[in-house]
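A quick write-up on the structure given underneath.
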Amino acid sequence: MKVLKFGGSSVATPPRIQNVIEVLKPYLKEEIAVVFSAFGGITDTLIQISTLALEGKAAYKDKLTEIEKRHLDAVRELISIQKQSSILAQVKIKINELEDVLHGVYLVKERTPRTLDYIMSFGERLSAYIISEAMKDQGISASYLDARNVIRTDNHFGYAKVDFEVTNKLIREHFRNKKEVQIITGFIATAETGETTTLGRSGSDYTAAIFAAALQAHDLEIWTDVDGMMTADPRLVKKAFTVPQMSYEEAMELSHFGAKVIFPATMQPAMVNKIPIWIKNTFNPTFKGTVIHAESTNGKLIKGISSMNGITLLNVQGSGLLGVVGVSMRLFATLARERVNVILISQASSEHSICIAIESTLANHAKRAIEKEFQNEIRNEEIDEVQIEGDLSIVAVVGDGMKHSPGTSGRMFSALGKNGINIVAIAQGSSERNISVVIRQSDVAKGLNALHEAFFLSDRKVLNVFLVGTGLIGNSLLQMIEDQFVKLAKENLLEVNVIAIANSKRMLFNEEGLTLKRGIEEMKVKGEAMSMMGFVDRMITLNKTNSIFVDCTSSEEVTDCYERILASNISIVTPNKKANSGSYEKYYSLKNVAFQRGAKFLYETNVGAGLPVINTLNDLLLSGDKVISIEGVLSGTLNYIFSTYTTGKKFSDVVKEAKEKGYTEPDPRDDLSGKDVARKILILSREAGLQLELDQVSVQNLVPEDCQGDMSVEQFFKKLERHDASFEKLLKTAEAKGEKLRYKAVLREGKVKVELGSVDSHHPFYSLSGSDNIILLTTERYHERPMVIRGPGAGATVTAAGVFADIIRIGHYAK
Ligand code: ADP
Ligand code: ASP
Ligand code: MG
């Protein structure tokens, strides 16, 4: 004997039911019994309808008509016309019966758990009946079995407890000499006193296990809409995969903590009778699925991760709890009496407080009951009022393999911590098969994904990038991500997923990841109006693991959002200097928030584009070195200008040429003013530990006074010509000494200067050409000869490469 069960999703529509019948056909050669759930969604609708009736809303009638139509349509679609009428009549009779009960609820405005069970029973009674008739119509020898005739329970409506002795006897009697395949209603049963009961939501799995045990079946198959029991709920974790086998205990823990794919109680009868349970997919019937049996092989640390929403924590605390035997006994007895199911308990060894997780719907009821039980202790201030905290979820990692394996909880907490997920309570069963944590419900999807990465894909990380700014740098960056994607995934085990792209006008989000090639184009066409606030809100709400905000703008409006972003545990990578060269207070507070939150704030490209300046400086400082001085040529533009400016050329022509070649800002005065260089040396000085403001940097502005102020670029060039002679004088003086002009930034003895000077042929700046940058770090260790960092220091490609390197750095940190 084999017992099969098909869930609501497998029989949600007539074509799906037909598919199930096809799946069943090859099984007809052996002895089988088949359990069915209500058509997908019907149980929920029945509850809804009864609630409408209870509230005196006549609209329940319309919903009932919908239910009726769904079932009548199924008959019409699945059964040949000549056989339809009697079956339609039978369905109609059941619907009328249901209508009478609902009318009763509507009139007396009362819906007891007993009535609700009766109302819900119609779902399974209709589905199994219709399916049995459809099978008969297709020549299969089948007969309908209302499980209420054989399953006996107590009268705990909504969650009835099975009397196995009577039930087993009744089932066996019923099956004696039965030739036809029994098509059985899941979920429902009868109390000793005769009323209809149910086994708990999703209880059809359990029905199947009850039959399997009673009939000594050699297999139990649960057919659903996914490829078996997976490492996590595939709706929440896209990368979840099928677990080929697990133990009964593992399956029980996973389902107890929310893996809806199988009802927890199902394992009990199967375990006692050593019946393997197979979880199979009706939409992929040839796939092997999962087998749940006595042993757990495959040495993995954990088997799966599950979660449960709608949790409230009750915290009972007070000095009265301390060492008083019997307090917890009274507490749990009270909850048991009030039928409040305790999902998780966490108690500190100080015994000063007990923390209990329960379903939120029962929270107020439970609080009142506990406070009543302990009213004397509360009055005497030995116990405080019960505190409740709602909107929580439980996330559990489960696996036999974590027994005696240190490090599981460390890995779990670190994965959650790195993603800024606060843990409200922790519990580990003494079986060491499960560690559960209570977190905020809004963090569940992120938490599950973070844990899934940490335990199952620890070798592969996904970085979720949110890019603002699609100028030259942003563009090159996307191109680089695209070019390196395969290599990164293969060799560095990093997957860079760009979730959002925005410029100053539009923004486009796609949770699955945007296509890199056409991302910018798509954003321009399909994107919605950009607002920085809107962008940040959305990014925070998405609450993705390993989120990285990449700012490729030079806008202050964007840097104004940094603090909020970092405070939400989202890392930032940026070439934008505005944040770090604003007030020292802002610079400091950003670093501080990042540190507090464990988020990364990386801005290597603030100075020297992709050259490793800031990281090198930080590494030196971290290893205990001290900066004596920093000297640098930090503007690619100005270096280009002064390395091409030689005798015979006019200064204004050189600047013009630099502009024409695209080396300068649209208005070259932005480069010549030295402001940008000042910002860079300010950032380096701050990194070296100096508390400086921008106005403390003394800057030599190379724009002559009469060329400053409001005028067009053409006018500026005209006026600049008048100063060619004075620049020539500087050049001549330098050349006469065998020196070259360089625009330098210098930090020495706590003072920062940016100025035009000249260097002799021994100086490392002397041979600097083109738009290169150079930085000399003189430290206590690099005292004799400074450390030199030199190379291309401007340009979209090298800057984008630096931004990319920072993103990858975060990826390695996340591992
Ligand atoms: P049925 O209608 O067949 O009873 P359910 O909806 O009760 O199906 O259960 C199947 C669903 O359980 C899947 O669609 C999936 O979203 C959810 N689920 C939750 N956790 C898991 C898990 N670990 N593995 C597989 N499915 C899971
Ligand atoms: N139809 C019932 C429910 O939705 C039982 C089941 O599907 O297992 O809860
Ligand atoms: Mg189910």
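Numbering (full-length UniProt numbering), first residue to last: 1 to 815. Here a beta-carbon is modelled for each residue, glycine too, at the ideal position from N, C-alpha and C. Please read all numbers here as calculations on a predicted model, not as lab measurements.
Check the Cα spacing between V424 and each of L54, N615 and C355: the tightest is with C355. At a Cβ-Cβ threshold of 8 Å, K577 and N606 count as neighbours.
Under the criterion of beta carbons closer than 8 Å, L463 and I807 qualify as touching, at roughly 6 Å. Each residue's CA atom was taken as its position, placing A363 and I345 some 15 Å apart.
Counted as a single uninterrupted DSSP element, the stretch harbouring H71 is not any beta strand (DSSP E) but the alpha helix (DSSP H) occupying residues Y60 to L78. Between the alpha carbons of H452 and G8 lies a distance of about 28 Å. Nearest to V759 by alpha-carbon distance, out of K626, I789 and L731, is L731. Counting along the chain, E657 sits inside no beta strand (DSSP E); it lies in the alpha helix (DSSP H) bounded by residues F651 to E660.
G791: member of the beta strand (DSSP E) spanning M787 to P792, first to last residue. From the listed residues F549, A794 and N434, the smallest Cα separation to T664 is found for A794. Beyond the five residues adjoining it in sequence on each side, Q90 comes within less than 8 Å, by CB distance, of Y129 in the same chain, given in chain order. Given a length threshold of 4 residues, each whole run of the alpha helix (DSSP H) inside the segment 608 to 656 is given here in chain order: 614 to 622 and 636 to 644.
Across the set G608, D625 and Q691, the C-alpha of G608 shows the shortest separation from the C-alpha of A745.
Under DSSP, the beta-bridge partners assigned to D772 are P792. The alpha carbon of T153 has as its nearest neighbour, out of I210, V101 and L54, the alpha carbon of I210. Separation of G791 and S547 (C-alpha to C-alpha, rounded to the nearest whole angstrom) is 31 Å.
DSSP places I183 within a strand segment (E or B) once states are collapsed to three. When secondary structure is reduced to three states using DSSP, A357 falls in the strand class. In this structure, the CA atom of M252 is about 22 Å from the CA atom of F36. In chain order, the residues positioned with their C-beta nearer than 5 Å to some heavy atom of ligand 2 are G8, S37, A38, T43, F187, R201, S202 and S204.
With respect to K367, I388 sits close: the two C-beta atoms are nearer than 8 Å. Per the Cβ contact rule, the segment 19 to 29 is not in contact with the segment 240 to 248 (fewer than 3 Cβ pairs under 8 Å). The alpha-carbon of G407 is positioned some 29 Å away from that of N592. If you keep only unbroken beta strand (DSSP E) runs of at least 3 residues inside the segment 262 to 305, you get 277 to 281 and 290 to 293.
When the five nearest sequence neighbours on each side are left out, the beta carbons in the same chain lying within less than 8 Å of the beta carbon of E110 are those of L54, in order along the chain.
Taking 8 Å as the cut-off, the Cβ atoms of S204 and K2 do not count as close. Within the chosen limit of 7 Å, ligand 1 reaches the beta carbon of P234 through at least one heavy atom. Counting only the Cα atoms, D443 lies some 47 Å from E133. The C-beta distance from P269 to A213 rounds to 4 Å, short enough to meet the 8 Å contact threshold. In this structure Y588 is exposed. Its beta-carbon is surrounded by fewer than 16 other beta-carbon atoms within 10 angstroms.
With a 10 Å radius around the Cβ and a threshold of 16 neighbouring Cβ atoms, H404 comes out exposed.
For R433, the closest alpha carbon among the candidates A147, H256, A801 and L126 is that of H256. When the Cα atoms are used, V272 and D163 turn out to be separated by approximately 15 Å.
Here DSSP, grouped into helix, strand and coil, assigns K732 to helix. For N464, the pairing in a beta bridge is given by DSSP as N497 and S547. Per DSSP, reduced to three states, the secondary structure at I570 is coil, with no helix or strand assignment.
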